[in-house]
Every structure is written in structure tokens, then in C-alpha cells.
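*Asks:* Quick note, the sequence shown lines up with residues -1 to 864 if you use this note's numbering. All residues carry an ideal CB built from backbone N, CA and C; glycine is no exception.
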Amino acid sequence: MVFQSWTAVVVGFCYVGLLFAVATWGDKLAGRRKNQRRPRPLIYALSLGVYCTSWTYFGSVGISSRTGYDFIPVYLGPILVFALAYPLISRIVMIAKTQNIASIADFISARYGKNEALGALVALIAVVGIVPYISIQLKALSFSLQTIMQNSTWSGFGSFPLPLTGDIALFVTLAMAVFAILFGTRHIDTTEHQDGMILAIAVESVVKVVAFVAVGLFVTYALAGGVSGLFETVQKDAAIHNVFNHAPDGGRWLSVTLVSAIAVLLLPRQFHVTVVENAHGSDVRRAAWLFPLYLVLINLFVAPIAIVGLQMLPGADPDTYVLALPVAAQSHFFTIVAFVGGVSAATAMVIVETIALAIMISNNIVVPLVLLRQGENNMFQQREGESRSTALVKIRRMSICLILFLAYLYYWLAGNAAALAQTGLISFAAIAQFAPSFFGGLYWRNGTARGAAAGIIAGFAVWAYTLLIPSFIDSGWLGTGLLQDGPFGIAALKPRQLLGIEFDPLTHGVLWSLLANIAGYAGVSALRPPNRIEALQAEAFLPDSRAGSGLTGFRLWRSSVTLGQVEDTVARYLGAEKTREAFDGMIRMRGLADDPAIEADVGILNFGEHLLASAIGPASSRLVMALLLERHAKGSRDAIQLLDDASSAIEHSRSVLQSAIDNVPQGIVVFDQAGALVSWNAAVKDVLALPAAMLKVGTRIDEFLVYVGTRTLEPEARRTSAIAARRSRLFAGEGHWRQRLVEPLCVVDIHSGKLPDGGIVVSFSDVTETVAAADALMLANETLELRVAERTAELTKLNGELAKAKAEADAANQGKTRFFAAASHDILQPLNAARLFTSTLVEGQQTADRTIVRNVDAALEAVEDI
């Protein structure tokens, strides 16, 4: 069999076409069960495998070939995050669902007052930071095709020159652009779950791990002679032995572990699959062990492939070993397997990453700029009433093309000469600049938008100076004078030796950039307190947000904006049908009149803004609503103030409501439709003696049921089947049962009711005193019944004695009759003897009569006692 290079091209296109078919099928399947979000832990965990790109598939072997086991920290960070910090991930998911967040830029801008400038800054830096990362995917696919072409007998197809014979990277870039557009611009609602795409990404994760393990097994057992052969090779070859026997660089391991732990959450594609595409809260808990298991599995054969590659292919690029070894062994089957695995690793990353970045560019850069320049009513200069969704789709498609063009440009400027791993780590360090404002905003109430922007700009500037510019110098596009002498000959400002301190280049860049970032974030935030909207948004992101902000200083206001105008504005972006359906639900839930002319109150404005956020992000949606109000107010400042007042009013209402339910003696908890805790009152902790760790946003309803079940004397209450049955009853609105607890010693009544959005409210009432009173009454009744039974038995006994006495009297009368009969036969007895007998008989009769009377009197007295 002669291996033709066009075979790999055809297989690659067929494979991507199959993925598109899987995505289409997944979307149709999801459409049939609309609004039924079920757990899908396996698909969710596998979709997280998009973290493993061509860097993992090819680059990890390259790292191992150069520095032994230094590839491990890249995966150690994500393993630690998911194994130890999954409650934090669940909380982030809950916040994103509540705020209609669709990207990392949306998250950070929403936390700091829905600041559109901050969102644009995050989006811009994300694009700049991720472009090098995308470029290595182009490089991986390019050298995969080159490796196959150089070892095939084909260089053309007849006389027609395909793009493969020229610029392979350009051909790959164009193909990736087409695939990304086909996969990622079919939904205008960016928070709507793209089940088909996630299913396709999960399939790709399976393909690349199976392909890598298959190649690893082939290399280990067919080429190296098994595990023993690998050990023998390492022992015999001094160069290979030195690679795997050197002491690891502790500073580099620590810095790589840190940036990889940050990247697994904050990379745009990872945030998208982890947070935006999360369908059920329980999926995070399952992924806490499934995803680390996947990372371990895909790295099992990294070192064996590196060892065999160093032995068999001296002088070859180590990043190509995964594909080059099957080619060198002339195994057509494993060559195709390795090629498909590489295509899978690269395309999955490019598709999801470009989609995530395109959403950020559209929502946080283009839409706000157009709105500010042209106004909402003239946006894109469309006709009145025409939907903006088509324009948004065009923006995202153009953004995908722009991103891939920049990646292609970087590939030729620097990426073509750089190692996959080094380029990937540069991108990781760039994304790490979001960490202080992201995680700080989750715990620090006083962080501000200015502080976040200052920190990100400072950190990004240091990153570019210490890592990005040196990468161009290493590629030969810039002179080496800056690295050797520093700017203007100032040695203390050398990019890789700031202040004369020298570390590993990556460690040096990460350390200085994060220090500058944290200093800028904390320092600028401390200069002034958060403004009104920043303080309001902080309450939604902090762990104790359920308690309300206590902001009561809002003013009542009126405007001539109507319900119909708000609905029309939203419909231009989401479409009339979907918008009408959403507003119908809101109107029914609030009991409003379905009249477009009624005045839009703060609730309607907030609902419209929240709905818009699903299409254009929180910052842009706030700007759209402000522009709508601007036409009915004095100016944009008044419009923004109206929105802030609306948010304050709503927050105040929530605070009042929370205070009210906190004064209710029953414990009350609210779960969303996915079974995650969203609100509670203070009494629930006292009623159930709950630990503080359970009262947090995102706690699963199963945890409550398990906690209650383990504190009863009923074994069946702790069984999984019983917990599932009770959960189903609660969500059906039929939950009502009484539970006796031994810790605390009490009896609890449990009730549930359904909410309009599919969630439930559950109440826990302490009925110990009521049950105790009922038990006391029952005991008294049982005691009375026992005494009545005893008296009845005594009466029965007395009746028996009375019957016996009567029987004795009857016997006496019968004896007298017999005596007279005998006396009639003995008439000849002496008269004196007859008189004596008669006297005796009369006395006996009197005695018997007195006995009967006494017995009857005793019986009557007994009856009276009863």
C-alpha cells in the first residue's frame, strides 16, 4: 500500500464534517427536550478536555524531550483546581447564570458596575494574549501535513496545484475560519446552551485521548519493546538519561502550576465550556474527579514517546514525535490515527476559542462603540423594527476571521520559530492578568472598576515587556540589544532581569506582572469607595450576597418609557418571537396588564436589561437601556442615573423582602430549577442546626436531604433512592412530610412549593411542641382506655359472683322443698322435733336472704365507683 498525502487531507475534512453532523444532531436532540436541563456529567467533563490542545498532543512530548518531566505542572494546576476548588467553580457558575454572563469580559465588567470600558479592555487583552496560543494550533496542523507530505509519494493532483503545495499555514487558517463560523454563529443568544457544539467537543476529546493512547501503546510496545525496553534505553543512552534524571526547577514548576491553574478557569474557551455551557450544577461535582482522570490518562505516554523519539529521530523537532514516529515506522494506520488526533486537538481549541473571543469582541468592543457613536435607534443604520441579530452574527463572523488572521500573522512573525510549549505559556501568563480582579472581586467588597483596569493594564504592560517582546527577539524579528543591554543601556531594566533579579524567563515575567497587577488593583481601588452601581454589583458576587446591600437611598422617579418600547428594544436584538415569550412570562408572573402603553417601572427596565445581556452582554445591555431612557431624560448622565436608581430600588426591595423572611420562625430555602441553593433565611440554620458551610449559594438540594436523612432514626431516609424520590416530590410541588431528628432533638415539617421559573421554595417548621402535645394527649387517652378496661373486668367479676350467689339461693330453696317432701312421709315424728326443725329452717332462710342482700349491695357500690 502506497500512502498518499491527499489521504490525510480527505480524512481530516471527513472528520471535521462528521463533527459538524454530530453538532447538528446534538442541537436537534436538545430542541426536543427544550427547557429540560438534565445532568450530563460525562459530556461536561469531556468538553473540559478542550484544555488539551495541540500543545498537549504534540508540545508535551516536546517539553519531555527537552526537560524530562517538566510537562507535569501544566496539568497539575487544573487537577488541583477541580479536585479542591470545585465549590468555587459552582459559585462562579451560579453567578454567571444569575447575571446572564457569556464571557470572561462580561464577568469582570459586570462585577465592577457593568463598566463597558473595563469589558472592552478585558476583551482586547484577551485577544492579544490568545493570538499566540491560536498560532501554535496553526503550526501544529501545518507541520502535521508537512510531515506526511515529506514522506509520501504525492506532490500534486494531476496538473492542478492544491494550496497544500504552497502556504500550508494559510490553507489551514482558511479552513479553521470556515469551521469556526459553521460551528459557532448559529445562536444569537450567547447564554443559550450550544448542546450540539459541546457534544462535538466531547467527541473530539474522546478521539484525541484514544488516538494519543493508541500511538503511545504502539510506540511503547511495537517500537521500544515494552516498558522494560524503555528503561533499558534510558539506562544505556547517557543523553536521554540526563534529560529525565535532572532535578526539576522549583521556581518554574511553581509558576507554571500557578498560571495553568488560573488558565483552566479564565482562558476564554475554558470559561465558555466550564461556566457558560454548564447545564446542571451537579456536573461540576462529577467533573471534579472525571476531568483530572482525563488529564492523567492523556499524559500517560508522554515520556515513553519522548524517549523513543530521542532514540530513533535524533535531530528531529521533538514537537513532531507523535506523528513522526508512526511515519518513520511506515505504519499507515497509526499515522492516520496520530494525524486525526492532532486535527482533533487543534480544531477543538480553535473553534471554541475563536467563538469565545468573537463574542467578547462583539459584546464588549464593537456594540458599545457603535451605540456610543450612532445611538441605539440608528445602530448599524437598520430600518425601524428590523432585528439587530443579523448584524450581530455578521460582527461575530468578521471577528472570527480577524482573530485567525492575527494568529496567522503571529505564526509567521514569531510562532513559526517558537516551541509550542513556550508560546502556550506566554498566553497563559497573559490570561493570568485577569486573576487579581476576577478572584479579588469574588471576595473583596471595595474593589472598583478603576482599580481593576489599573491592575490589568499594569500587569499586561509588564507581561508584554518581559515575555511577548522577548519572544519576537528570540525569533529574530527584533535586535538582541534590548535583552543584552536594556533600554537606553539601563541594565536594571533588562526585560528578563528587572532590577538585576534573574529567574527562569517565565517565572520572571509571571512574578513581576502579577506584582504590578495586584499593586495597581489594590492601590487604585483604595483611593475612593465603590460608586452606587459598583456596590450593588458587589453584593451579587460576594459570598454573603443573599443578605442584601442595605442600600436604601434610592429616589422615586418616573419616565415616559413604556412597556412596549422596552419590549421593542429587546426584540431588535433577540427577535420578536423569543422576546414576546419572555415578556409574556414576566407579565403573568407579576400580574401586570398586557398593555404596551403602561409605564415601564424599575422591574420592567431591569427585566429588559437582563434579557438583553444574553445577546450583547451586561455592559452593552445597560448602555442600550440608558440610550432608550436618554430620549426621555435630559441627557445620558440622567439616563444612567435612572438605571442606577432602578437597580437601587430593586436591591432595596430585595433587602426588605430578605428582612421580612428573616423574621419568619420557619426555615425557608429557595432552590433554582437545577437544584442549587439561591436564597435562605436565618431561621433555617437554627431549625436544622445546619453547619455554616452548607448555607452558601450553589449548595445542592441533595446535600440538604442527605444532611436531614443522616440525623434520623429511619434507615430508609438515608438511601439514595429515598433521597431521589423526595427530591422529585419537592420539585413536583407535592413535598410534605414530617421528619424526627435526633440531632437536634426535634420534629420538622417539610413543605415545598413551585416557583414560576421552575425553582422551588422549601420550608422547614419546628413542630416539636405540637407533636409533644399530641403525644401527651394520645398517652392520656391510652391511660383512660386502660382504666376503663380494668373496671369493666372488675364488673364482670362481680356479676359472676352475683350469679353464683343467686345459684346458691336457688339451691337452698330446692333443699327446703325436698325437706317438706320427706316430712310428709315421716308424719309420725314427735311434734316437738317438728317444731325444732321448723325453727332451724326459718333461721337458715333469714341468713340466706341477708347474704343475698349484702352481695347485691356490694355489686351496686362497685357499679357506682365505675
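Assess contact between the stretch 528 to 536 and the stretch 443 to 452, defined as three or more Cβ pairs (one per stretch) separated by less than 8 angstroms. Is contact present?
*Replies:* A contact exists between the stretch 528 to 536 and the stretch 443 to 452.
*Asks:* Does the stretch 168 to 178 touch the stretch 315 to 323, meaning 3 or more C-beta pairs lie closer than 8 angstroms?
*Replies:* No: the two stretches stay apart, fewer than three of their Cβ pairs being nearer than 8 angstroms.
*Asks:* Within the continuous beta strand (DSSP E) that includes Leu675, where are the two ends?
*Replies:* Position 677 of the sequence shown, counted from the start, is the residue given in the question as residue 675. Residues Leu675 to Trp678.
*Asks:* Which residue comes first and which comes last in the beta strand (DSSP E) that contains Val668?
*Replies:* Along the sequence shown, one-based indexing puts residue 668 at 670. That run of the beta strand (DSSP E) goes Gly665 to Phe669.
*Asks:* Give a yes or no on whether the C-beta atoms belonging to Lys112 and Pro468 are separated by under 8 angstroms.
*Replies:* Locating residue 112 in the sequence shown gives position 114, where the first residue counts as 1. Locating residue 468 in the sequence shown gives position 470, where the first residue counts as 1. No; because the gap between Cβ atoms is not below 8 angstroms, this pair is not in contact.
*Asks:* Quick one: residues in its chain with C-beta nearer than 7 angstroms to the C-beta of Phe605, no 5 flanking neighbours on either side, listed in chain order?
*Replies:* As a working mapping, residue 605 is identified with position 607 in the sequence shown. Same-chain partners within the cutoff: Met584.
*Asks:* Quick one: what does DSSP say Leu693 is sitting in, helix, strand or coil?
*Replies:* For the purposes of this step, residue 693 is taken as the residue at position 695 of the sequence shown. Three-state DSSP puts Leu693 in coil, outside helix and strand.
*Asks:* For Gln268, collect the residues of the same chain with a Cβ closer than 8 angstroms to its Cβ; drop the 5 residues on either side in sequence, then sort them by chain order.
*Replies:* As a first step, residue 268 is located in the sequence shown; it is residue number 270 there, counting from the start. So the qualifying residues of the chain are Leu46, Val48, Tyr49, Ala261 and Val262.
*Asks:* Give a single yes or no on whether Asn797 has its beta carbon closer than 7 angstroms to a heavy atom of the ligand PLP.
*Replies:* With respect to small molecules bound, the structure shown includes none, and the ligand PLP cannot be examined in it.
*Asks:* Let me confirm a value: Leu265 is counted as buried when at least 16 other C-beta atoms fall within 10 Å, else exposed. Which label applies?
*Replies:* Counting from 1 along the sequence shown, the entry for residue 265 is found at position 267. Flag for Leu265 reads buried.
*Asks:* Where do the N-terminal and C-terminal ends of the beta strand (DSSP E) with Ile99 fall, by residue?
*Replies:* Counting from one through the sequence shown, the residue named residue 99 turns up at place 101. Looking at the DSSP string, Ile99 is not in any beta strand (DSSP E), and its letter there is neither H nor E.
*Asks:* Would you kindly check if the distance between the Cβ of Glu114 and the Cβ of Ile196 is under 8 angstroms?
*Replies:* On the sequence shown, residue 196 is found 198 positions in, with the first residue counted as 1. On the sequence shown, residue 114 is found 116 positions in, with the first residue counted as 1. Not a contact, by the Cβ cut-off of 8 angstroms.
*Asks:* Please classify Lys26 as buried or exposed, where buried requires at least 16 other C-beta atoms within 10 Å of its C-beta.
*Replies:* Numbered from 1 along the sequence shown, position 28 holds the residue referred to as residue 26. Lys26 should be labelled exposed.
*Asks:* Would you kindly check if the distance between the Cβ of Val622 and the Cβ of Leu603 is under 8 angstroms?
*Replies:* Start at 1 with the first residue of the sequence shown, and residue 603 comes out as number 605. Start at 1 with the first residue of the sequence shown, and residue 622 comes out as number 624. The answer is no: Cβ separation not under 8 angstroms.
*Asks:* If you measure between the beta carbons of Ile146 and Phe337, is that distance less than 8 angstroms?
*Replies:* Looking up residue 146 in the sequence shown gives position 148. Looking up residue 337 in the sequence shown gives position 339. Closer than 8 angstroms, so yes.
*Asks:* To the nearest angstrom, report how far apart Phe56 and Phe432 are at their CA atoms.
*Replies:* Translated into positions along the sequence shown, residue 56 becomes position 58. Translated into positions along the sequence shown, residue 432 becomes position 434. Going by the C-alpha atoms only, they are around 28 angstroms apart.
*Asks:* Note down, one range per segment and in chain order, each alpha helix (DSSP H) of at least 4 residues found wholly within the stretch 222 to 262.
*Replies:* Taking only runs of at least 4 residues, the alpha helix (DSSP H) segments lying wholly in the stretch 222 to 262 are 225 to 234 and 236 to 243.
*Asks:* So Ala450 and Tyr110 are in contact, right, with Cβ under 8 angstroms, and what is the actual spacing, rounded?
*Replies:* The residue you call residue 450 lines up with position 452 of the sequence shown. The residue you call residue 110 lines up with position 112 of the sequence shown. About 5 angstroms; that satisfies the 8 angstroms criterion.
*Asks:* For a quick check, are the C-beta atoms of Val59 and Ile238 less than 8 angstroms apart?
*Replies:* Walking along the sequence shown from the start, residue 59 turns up at place 61. Walking along the sequence shown from the start, residue 238 turns up at place 240. Cβ atoms of Val59 and Ile238: not closer than 8 angstroms.
*Asks:* Which same chain residues, not among the five before or five after Ile721, have their C-beta less than 7 angstroms away from its C-beta?
*Replies:* Numbered from 1 along the sequence shown, position 723 holds the residue referred to as residue 721. So the qualifying residues of the chain are Asp700, Leu703, Val704 and Gly707.
*Asks:* So Ser52 packs on Ala344, CB below 8 angstroms; how close in whole Å?
*Replies:* For the purposes of this step, residue 52 is taken as the residue at position 54 of the sequence shown. For the purposes of this step, residue 344 is taken as the residue at position 346 of the sequence shown. The Cβ separation is near 4 angstroms, so the contact holds.
*Asks:* Would you kindly work out how many angstroms separate the C-alpha atoms of Gly339 and Lys206, rounded to a whole number?
*Replies:* Working through the sequence shown from its first residue, we reach residue 339 at position 341. Working through the sequence shown from its first residue, we reach residue 206 at position 208. In a straight line, the C-alpha of Gly339 is about 4 angstroms away from that of Lys206.
*Asks:* At which residues does the beta strand (DSSP E) containing Asp483 begin and terminate?
*Replies:* As a first step, residue 483 is located in the sequence shown; it is residue number 485 there, counting from the start. Premise fails: Asp483 lies in the alpha helix (DSSP H), Gly479 to Asp483, not in any beta strand (DSSP E).
*Asks:* Would you mind listing the alpha helix (DSSP H) stretches within the stretch 299 to 330 that are 4+ residues and don't spill past its ends, in chain order?
*Replies:* DSSP runs (the alpha helix (DSSP H)) wholly in the stretch 299 to 330: 300 to 310 and 319 to 326.
*Asks:* Cα-Cα, which of Leu180, Thr65 and Ile353 is closest to His244?
*Replies:* On the sequence shown, position 246 is the one that residue 244 refers to. Of Leu180, Thr65 and Ile353, the residue nearest in Cα terms is Thr65.
*Asks:* Identify which residue in Arg852, Ser435, Val170 and Val760 has its Cα closest to the Cα of Ile349.
*Replies:* Within the sequence shown, the letter at position 351 stands for residue 349. Ranking Arg852, Ser435, Val170 and Val760 by Cα distance to Ile349 puts Val170 first.
*Asks:* Can you find the residues in the same chain that come closer than 8 angstroms, C-beta to C-beta, to Phe332, ignoring five residues on each side of it along the sequence?
*Replies:* Taking the sequence shown and counting its residues from 1, the one referred to as residue 332 is at position 334. Same-chain partners within the cutoff: Ala212, Val213, Phe216 and Pro324.
*Asks:* What distance in whole Å lies between the Cβ atoms of Leu168 and Tyr408, which are believed to be in contact at a cut-off of 8 angstroms?
*Replies:* Walking along the sequence shown from the start, residue 408 turns up at place 410. Walking along the sequence shown from the start, residue 168 turns up at place 170. With 8 angstroms as the limit, Tyr408 and Leu168 do not qualify as a contact, their Cβ atoms being about 14 angstroms apart.
*Asks:* Measure the CB-CB distance between Leu139 and Val341 and report whether it falls below 8 angstroms.
*Replies:* Counting from one through the sequence shown, the residue named residue 139 turns up at place 141. Counting from one through the sequence shown, the residue named residue 341 turns up at place 343. Contact: yes.
*Asks:* I need the straight-line Cα distance from Val365 to Ile614, nearest angstrom please.
*Replies:* Against the sequence shown, residue 365 aligns to sequence position 367. Against the sequence shown, residue 614 aligns to sequence position 616. Going by the C-alpha atoms only, they are around 7 angstroms apart.
*Asks:* For the alpha helix (DSSP H) containing Phe470, name the first residue and the last one.
*Replies:* Counting from one through the sequence shown, the residue named residue 470 turns up at place 472. From DSSP, the alpha helix (DSSP H) with Phe470 extends over Ile467 to Asp472.
*Asks:* Measure how close the beta-carbons of Ala200 and Ile41 come, nearest whole angstrom, since I'm counting them as under 8 angstroms.
*Replies:* What you label residue 200 is simply residue 202 of the sequence shown in a count that begins at 1. What you label residue 41 is simply residue 43 of the sequence shown in a count that begins at 1. Right, their Cβ atoms sit about 5 angstroms apart.
*Asks:* Can you tell me where the beta strand (DSSP E) with Val759 in it begins and where it stops?
*Replies:* The residue you call residue 759 lines up with position 761 of the sequence shown. Where Val759 is concerned, the enclosing beta strand (DSSP E) stretches over Ile758 to Asp764.
*Asks:* So, helix, strand or coil for Gly498, using DSSP?
*Replies:* The count along the sequence shown starts at 1 and reaches residue 498 at position 500. Reduced to three states, the DSSP call for Gly498 is coil.
*Asks:* Report the partner residues of Glu783 according to the DSSP bridge assignment.
*Replies:* For the purposes of this step, residue 783 is identified with residue 785 of the sequence shown, where counting begins at 1. Note: Glu783 sits in no beta bridge, so no partner.
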